[in-house]
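Take 469 as the starting number for the sequence shown in the numbering used here and just add one per residue. Ideal Cβ positions, reconstructed from N, Cα and C, are used throughout, including at glycine.
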Amino acid sequence: SSVIFEFDTDGTVFDTNQAITYGVNATATEIANTAATVMNAADLGLHAKVVALDDDQIGIHVGANRDHAVTLGNSSPLTEVGIAGAIDHHDSLIVDDGTEAIEFYFDFTTAADRDTDFVPADTVTEAVSILVRHDMTHVELAQALSIAISNKDLGLSPTSNADGLTHVGGEFNHRIDLANAPNITVDGAPGLLNTPLSIRVLGHGDVVLAEDGETFQVANSVLGSTVLFEFDDDGSINDSTAVAVNFTDTSSVSDLVTEIVTEINNANLELEAFESSNSVVGFVDSSAAAVTVGTAVGAIDVFGTAG
Numbered sequence: 469s470s471v472i473f474e475f476d477t478d479g480t481v482f483d484t485n486q487a488i489t490y491g492v493n494a495t496a497t498e499i500a501n502t503a504a505t506v507m508n509a510a511d512l513g514l515h516a517k518v519v520a521l522d523d524d525q526i527g528i529h530v531g532a533n534r535d536h537a538v539t540l541g542n543s544s545p546l547t548e549v550g551i552a553g554a555i556d557h558h559d560s561l562i563v564d565d566g567t568e569a570i571e572f573y574f575d576f577t578t579a580a581d582r583d584t585d586f587v588p589a590d591t592v593t594e595a596v597s598i599l600v601r602h603d604m605t606h607v608e609l610a611q612a613l614s615i616a617i618s619n620k621d622l623g624l625s626p627t628s629n630a631d632g633l634t635h636v637g638g639e640f641n642h643r644i645d646l647a648n649a650p651n652i653t654v655d656g657a658p659g660l661l662n663t664p665l666s667i668r669v670l671g672h673g674d675v676v677l678a679e680d681g682e683t684f685q686v687a688n689s690v691l692g693s694t695v696l697f698e699f700d701d702d703g704s705i706n707d708s709t710a711v712a713v714n715f716t717d718t719s720s721v722s723d724l725v726t727e728i729v730t731e732i733n734n735a736n737l738e739l740e741a742f743e744s745s746n747s748v749v750g751f752v753d754s755s756a757a758a759v760t761v762g763t764a765v766g767a768i769d770v771f772g773t774a775g
């Protein structure tokens, strides 16, 4: 169903439009409060409230979910920002420090939302509920997420900034999986600027994500030599020119880091790899090193710069 809301100063509205009635001397805040009240009474499942914007402006947080759409009339003096249902019930993200993988999920407290239980990913070590409401703004949701992450022993102290941004911080062993949070994005990468070229082994908790047959390349740009590496869990490789990187169902992230270091150092690339952390492969001198992820996009990622 849809409802057309019409601002009204004379007691008449067109057709079946819902009146937002106000006097000619009403302030912006008074009009916004009336509009929020009328919208919430329209049986559309909205959770509107008045919010203060920058530059002393007044806005209405609609509190819509992903089933809603908002359309402004051609002559409307209003402007629309944001998206409907930025966070939905049981949207989740996984924060992984290389040992623990914790899935944080948004748990809306309205009765209609609490009909189903959250089912965490198989690979996580813990699932943490973040209790939220539909009338919460993006800023309030970011604050709730920051608090939830801070309360867990992940070595992170996130801070909530303006406009719904959360500065997570983190080291090279940290990783965030947003596969189940379509409207949350990550900007930047953990660690410091000017980081030497490194390979991060991906996992959920201590469970590696590598799959048999996935490949990546490491090159020495000075020598002009390149070696193809292939993850192998069954004793056979698909490409006869590849160097096997062996792992099993019980291999930990640290185990796979050790194996990658060993195979790179044995590959006649004249590059010296080392275990930078329990989830990161570094190079003693990365100035000549180059890494291409290839088909191993779910197993490893590359960060930093050669030099």
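- Residue pairing of Leu599 in beta bridges, as defined by DSSP: Asp575.
- Secondary structure of Gly632 (DSSP, three-state): helix.
- If you look at Val721, you'll find it in the alpha helix (DSSP H) that goes 721-733.
- In terms of Cβ geometry, Ala494 and Asp476 do not form a close pair [threshold 8 Å].
- Of all alpha-carbon atoms in Asp702, Ile555, Ser722, the one lying nearest the alpha-carbon of His536 is that of Ile555.
- With respect to the 8 Å criterion, Asp581 and His557 are classified as neighbours on the basis of their beta carbons.
- Burial check for Val600: the Cβ neighbour count within 10 Å reaches 16 or more, so the residue is buried.
- It is roughly 8 Å from the alpha-carbon of Glu679 to the alpha-carbon of Asp701.
- In the assembly as shown, Ile732 is a buried residue. Its beta-carbon has 16 or more other beta-carbons within 10 Å.
- Collapsing the DSSP output to three states places Gln525 in coil.
- A residue is called buried once 16 or more other Cβ atoms fall within 10 Å of its Cβ, and Phe482, having fewer, is exposed.
- Excluding five sequence positions before and after Gly772, the CB atoms of its chain that fall closer than 6 Å to its own CB belong to Thr663, Pro664, Leu665, Ser666, given in chain order.
- Annotation: Asn501 is outside any beta strand (DSSP E); the continuous alpha helix (DSSP H) that includes it extends over 496-508.
- When DSSP reads this structure, Thr683 sits in a beta bridge with Glu698.
- In the three-state scheme derived from DSSP, where H, G and I count as helix and E and B as strand, Ile667 is classed as strand.
- In this structure, Ala610 keeps its C-beta atom at 8 Å or more from the C-beta atom of Leu646.
- Shortest Cα-Cα distance from Thr716 to any of Val752, Phe699, Asn706, Asp707 involves Phe699.
- Counting the other Cβ atoms within 10 Å of the Cβ of Asn641 gives 16 or more, which makes it buried.
- In this chain, the alpha helix (DSSP H) harbouring Leu609 covers 606-618.
- An exposed status is given to Val690, since fewer than 16 other beta-carbon atoms sit within 10 Å of its beta-carbon.
- A distance below 7 Å between beta-carbons, with the five flanking residues on each side excluded, links Phe751 to the following residues of its chain, in chain order: Pro664, Leu665, Leu739, Glu740, Ala741, Ala757.
- Arg582 sits in a helix when the DSSP states are folded into three classes.
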